[in-house]
Amino acid sequence: MNAVIPLSAQLINLFASVILLLAFAMLAQRRVLKLIDLFALQGFTLFLSTLVVAVKTGQSHLYYSAALTLTLKAFLLPWILHRLVRRLHVKGEVEPLINIPTTMLIGIALVMISFNVALPISELSSSIARGTLGIALAVVMLAFLMMITRRKAVTQVVGFLSMENGLFLAATSATYGMPMVVELGIALDVLVGVIILGVFFFQIRDQFDSLDIHHMERLKDN
Amino acid sequence: MDLFILMLAIPLVSGALLTVAGERAWAPNLNVLASLGTFLAAAGLTVEIVANGPRFAFGEQFFIDSLNVFFVALTAFVGLTTSIFSGPYMANEAAHGRLTKPRLRLYKSMYQFFMFTMLAALTTNNLGLLWVMMEAATLTTVLLVSLYRTPASLEAAWKYFILCGVGIAQALFGTILLYFAAERVLGHSGTALLWTHLVEVKGQLEPAIMVLAFIFLLVGYGTKVGLAPLHNWLPDAHAEGPTPVSAVLSGLLLNVALYAILRVKVLADGAIPDNFAGNLMMGFGLFTLLLAAFFLSRQKDVKRMFAYSSIEHMGLITFAFGMGGAVANFAGLLHMTMHSLTKSAIFFAVGHATQKTGTQIMADIRGLMKINPLIGWGLMLGTLAILGMPPFGVFASEFMILTHAMKHHAWATPILLLALGVAFAAIFGKVQPMVFGETEAKRLPHAPAITPVFVHLGLVLMLGLWIPPYLTRWFHEAARMLG
Amino acid sequence: MTFSLSGFLGQLFAIVLALALAPLLTGWVNQCRAWLQNRGAPPLLQPYYMLHKLFHKDVVLAHGASSLFRAAPFVIFGCMVLACAIIPSLSTDLPFAPAADALALVGVFGLARVFIALAGMDIGTSFGTLGGRREMLVGFLAEPALLIVIFTVALIVQSTSVATIVETLAHRDFIIYPSLAFAGVAFTMVSLAENARVPVDNPATHLELTMIHEAMILEYSGRHLALIEWAASLKLYAYSCLGLALFFPWGIAERDNFLALLAAIPLLLLKLGIGGFLLALIETINAKMRIFRAPEFLGTAFLLAVLGMLVKLLLENRV
Chain A
26 MNAVIPLSAQ LINLFASVIL LLAFAMLAQR RVLKLIDLFA LQGFTLFLST LVVAVKTGQS
86 HLYYSAALTL TLKAFLLPWI LHRLVRRLHV KGEVEPLINI PTTMLIGIAL VMISFNVALP
146 ISELSSSIAR GTLGIALAVV MLAFLMMITR RKAVTQVVGF LSMENGLFLA ATSATYGMPM
206 VVELGIALDV LVGVIILGVF FFQIRDQFDS LDIHHMERLK DN
Chain B
22 MDLFILMLAI PLVSGALLTV AGERAWAPNL NVLASLGTFL AAAGLTVEIV ANGPRFAFGE
82 QFFIDSLNVF FVALTAFVGL TTSIFSGPYM ANEAAHGRLT KPRLRLYKSM YQFFMFTMLA
142 ALTTNNLGLL WVMMEAATLT TVLLVSLYRT PASLEAAWKY FILCGVGIAQ ALFGTILLYF
202 AAERVLGHSG TALLWTHLVE VKGQLEPAIM VLAFIFLLVG YGTKVGLAPL HNWLPDAHAE
262 GPTPVSAVLS GLLLNVALYA ILRVKVLADG AIPDNFAGNL MMGFGLFTLL LAAFFLSRQK
322 DVKRMFAYSS IEHMGLITFA FGMGGAVANF AGLLHMTMHS LTKSAIFFAV GHATQKTGTQ
382 IMADIRGLMK INPLIGWGLM LGTLAILGMP PFGVFASEFM ILTHAMKHHA WATPILLLAL
442 GVAFAAIFGK VQPMVFGETE AKRLPHAPAI TPVFVHLGLV LMLGLWIPPY LTRWFHEAAR
502 MLG
Chain C
-3 MTFSLSGFLG QLFAIVLALA LAPLLTGWVN QCRAWLQNRG APPLLQPYYM LHKLFHKDVV
57 LAHGASSLFR AAPFVIFGCM VLACAIIPSL STDLPFAPAA DALALVGVFG LARVFIALAG
117 MDIGTSFGTL GGRREMLVGF LAEPALLIVI FTVALIVQST SVATIVETLA HRDFIIYPSL
177 AFAGVAFTMV SLAENARVPV DNPATHLELT MIHEAMILEY SGRHLALIEW AASLKLYAYS
237 CLGLALFFPW GIAERDNFLA LLAAIPLLLL KLGIGGFLLA LIETINAKMR IFRAPEFLGT
297 AFLLAVLGML VKLLLENRV
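Order-wise, the sequence lines are chains A, B and C.
Just so you know, we're using this note's numbering here: the first sequence kicks off at 26 and counts up by one.
Just so you know, we're using this note's numbering here: the second sequence kicks off at 22 and counts up by one.
Just so you know, we're using this note's numbering here: the third sequence kicks off at -3 and counts up by one.
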């Protein structure tokens, strides 16, 4: 019954699953530096899956976006984040707001919801790896969860970038990539965003003596 | 030279120029001059579109029709008046020592880049580029909001970035889904994200995908519009950023985000039966309106209060577009225009008032009429206008929305009236003592630019009494395009 | 199910092989561990020497020991032998296999667990009770994870019989199952916990704050202890074979194929050797976690198993 799945689709499914697994690992990870490493690994897996789609479909612009993913998400951004964490002397732990097992349980629920939402849509896809849409949505949701349950600014940024990974996975695997202009624009936005955030980190630390956004609770309606 | 290219090139080039040479003495003038150039180009473009009909630019990547040229004109106009206002305002801030020269340079260059992203987002035909430009607009405004580098402004900017980052990520997912739906009809080519192509095949787009895509896009861009429950960034960003930034955020950015939703709604309406998109927007709009109205009375900070007022009006406009149909769309477009002009005028007046009194806390601002009658009147009239008092234009548009709602969605009328009533009581009760009362005045080193306040309010008054026929035609045309 | 002589012989051979190989596997893991940790390795056959020594010693029973205390080692040993008989290690032609499918197998392990925990509490010493309670905690978290791993695999092959699973997986075109990757990781984590290996328990120490398995069997001596130690080896062997059967089934012989059966023996030894080495590696690079972290560890295993099943349902169901 399964023999008709082409190898490329199997590989993409595998990579997509690994990306999902890494998203969970990031959710469970307690050390900030390890978290960044996991993010780099996720970027690399994303590169692999994009590459498989590119080889399979022979679309040249997918090669570019694969190369873009590799340089940006597997090397450049993790490197910037590593340097930031070192320079800012961020303490090693990520300090979750909700304890990690509970977060994981919520994560599982989110995965189920995303799969359910995406299932009817994946049926319509003509792409070789249609199931990945649900995984991509799940990765986005998990990254979102990470952003709202962590205290450190760095962790929130990693969550933001991981969310971008999920979106990119959706774009490449479900639709063979967005038009090149759009992808370049998105990549540029992300890069500029991270640079701005990097500058922000220094200012936040100067002003609050900490990168714990817990201190940022002054602005409230009262 | 092509007016369209000119309109995009002026802010881009002057933004780059100001990045390099923004500390020179002539830089503030360049800022105003560039905004003037942009406005003239936009006005010329508007005349051209009104005369010749829609056109493309850069292949099919940009598309200007009667809907977006209206927003373009509005954006360029408010951009111009805000730049005029911000000259003395920023000079005063610098004189108070709140801003250094590099910060002023950053402000001016980011202001121009912001104008560029706004105009590009409005005119692009490519829904992917629209997303890119919206995100770029977020990035530039994040820098503008954090301009003072105080803990509060950093916190506001951080919140803004993270919340809008999350929101805009949802919008990207929606865009991907839209592309996914379009690809099934248009094939895998560069045209599958072009709005003009999509609108031709909107009936063939798969409803199941479009439902999901529209939800994601509405929530995503809705975050930037300030739709509840993802509106939390908006009051903070408005209160902690410089006042000209508050003015353009309320007057322009929210509009552009709403414009993005409108474009997508046209597609969703074609694909999904039973007015799904409209109902969703009505629900979000009402919820936002009601929530903002009740938060209004709890505000102590004047800029925060008017930020909540913006949320309230965005909710009302979203509701209007949700109802759909020629009348409601017309009212929605009119209300967007009125709100942009009035709210930026209010922020101009508030900006001067806070500079004079040195505080944003409403309880400490008293007797504006004595300090400067023009500012006092400006704030008073602006407040009356935004609260929907006749004969200002906001009254006309709110009246149209209300009557239309009464006719077609009677259940919503009490909610609308309640929210508007609560908002009226809250805002008027707080502005009145600020304007009248006793105070000790203080002279500012740079005379404030009052003209923009009264130009805006004059326009709002005029549009409340008489809308020029070509403008009516134009609004009707745009309203018809929205379906 | 037809009863064939070759099948019966194969079954008998599998059991004998399990009994003989299990202590060797334990010895091999210990030896690898010693190498990896740069210390002098015990002889490979050390577990046999120990069993021999223990069988020749007299049993010392505590005063309060009931008959359950004396029966427990035999029950546990019996359970493990049965488990080894059901799990295909060399051949899928096992006459005992219909006795229990993969789900019942989990029940067999559960039965052994209940008895060892009861026996630990039987004497009434604080350590025994402590160990018993910890063991039940681990089991209560590990069993659902193990069951879901088995469900995932069963969904893929549409059968819960271990023999059928092996036959279907081993003789089909090679397909990457992402769900199996998740299940494999989850299974490894469960196995570590169930066999009292390092991140959860340490088989080599008697540290009162952390020990689980050792705490329960403190009161045992002589042949009782020998049986329990042997059963522990058999459990490791059974889990290893189950892991191999589910995730690396290639090389296990089919029905009535004597040559393949012969070829399966060295292959099994090789796979077990590699598996044992990897186990030692995991034990070396990980630190023993606090007992309160164990639920989190097993919770992660459960989560991975559930993810595997979800991925299976999303990605692989519609072809």
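Glycine included, C-beta positions come from ideal geometry on N, C-alpha and C.
Since the structure is predicted, the reported quantities are computational estimates derived from the model, not experimental observations.
7 Å Cβ cutoff met for residue i and residue j
| i | j | result |
| --- | --- | --- |
| Leu389(B) | Val452(B) | no |
| Val285(B) | Leu238(B) | yes |
| Leu264(C) | Ser122(C) | no |
| Tyr329(B) | Ala281(B) | no |
| Met132(A) | Leu71(A) | The amino acid occupying residue 132(A) in the given sequence is Gly; Met does not appear at that position. Not in contact: Gly132(A) and Leu71(A) (Cβ atoms no closer than 7 Å). |
| Phe91(B) | Thr145(B) | no |
| Gly304(C) | Phe243(C) | no |
| Val164(A) | Ala50(A) | no |
| Ala444(B) | Leu317(B) | yes |
For residue j and residue i, the rounded distance between their alpha carbons
| i | j | result |
| --- | --- | --- |
| Ala48(B) | Gly80(B) | 34 Å |
| Thr493(B) | Asn350(B) | 12 Å |
| Ala347(B) | His497(B) | 7 Å |
| Pro265(B) | Asn190(A) | 35 Å |
| Phe227(A) | Phe235(B) | 38 Å |
| Met136(B) | Ala97(B) | 8 Å |
| Thr200(A) | Met166(A) | 20 Å |
| Val183(A) | Phe64(A) | 7 Å |
| Ile61(A) | Phe225(A) | 18 Å |
| Ala28(A) | Ala142(B) | Low confidence applies to Ala28(A): its pLDDT is 45, below 50, so where it sits in the model is not reliable enough to give any reading. |
| Ala298(B) | Ala178(A) | 36 Å |
| Tyr45(C) | Gly60(C) | 30 Å |
As assigned by DSSP and simplified to three states, the class of residue i
| i | result |
| --- | --- |
| Ala108(C) | helix |
| Pro489(B) | coil |
| Arg175(A) | strand |
| Ala78(B) | strand |
| Ser155(C) | coil |
| Phe83(B) | strand |
| Glu208(A) | helix |
| Ala260(C) | helix |
| Glu210(C) | helix |
| Thr145(B) | strand |
| Asn247(A) | Its pLDDT being 49, under 50, Asn247(A) is placed unreliably in this model, and the value from its coordinates should be taken loosely. Three-state result, Asn247(A): coil. |
| Ala179(C) | helix |
| Pro411(B) | coil |
Per-residue burial, residue i [other beta carbons within 10 Å of its own, 16 or more giving buried]
| i | result |
| --- | --- |
| Met129(A) | buried |
| Leu39(B) | buried |
| Ile146(A) | buried |
| Pro39(C) | exposed |
| Tyr491(B) | exposed |
| Leu64(C) | exposed |
| Lys245(B) | buried |
| Trp152(B) | buried |
| Ser0(C) | exposed |
| Ser175(C) | buried |
Proximal residues of chain A, C-beta to C-beta of residue i below 7 Å
| i | result |
| --- | --- |
| Val187(B) | Phe169 and Met172 |
| Pro174(C) | Asn38, Leu39 and Ser42 |
| Gly316(C) | In this structure chain C extends from -3 to 315, so residue 316(C) is not present and cannot be described. |
8 Å Cβ cut-off: residues of chain A touching residue i
| i | result |
| --- | --- |
| Gly180(C) | What Gly180(C) touches in chain A: nothing, since even the nearest Cβ is about 11 Å away. |
| Ala30(C) | Here the premise fails: no neighbours, minimum Cβ distance about 29 Å. |
Residue i: CB within 6 Å of a non-hydrogen atom of the ligand NAP
| i | result |
| --- | --- |
| Leu265(C) | In the structure on display, the ligand NAP does not appear, and there are no ligands present to speak of. |
Proximal residues of chain C, C-beta to C-beta of residue i below 8 Å
| i | result |
| --- | --- |
| Ala199(A) | Those do not exist, as Ala199(A) stays about 13 Å from chain C at its closest Cβ, beyond 8 Å. |
| Val136(A) | Leu303 and Leu306 |
Beta-carbon neighbours of residue i, restricted to chain B and to distances below 7 Å
| i | result |
| --- | --- |
| Gln228(A) | Arg170 and Leu175 |
Beta-carbon neighbours of residue i, restricted to chain A and to distances below 9 Å
| i | result |
| --- | --- |
| Ile287(C) | What Ile287(C) touches in chain A: nothing, since even the nearest Cβ is about 15 Å away. |
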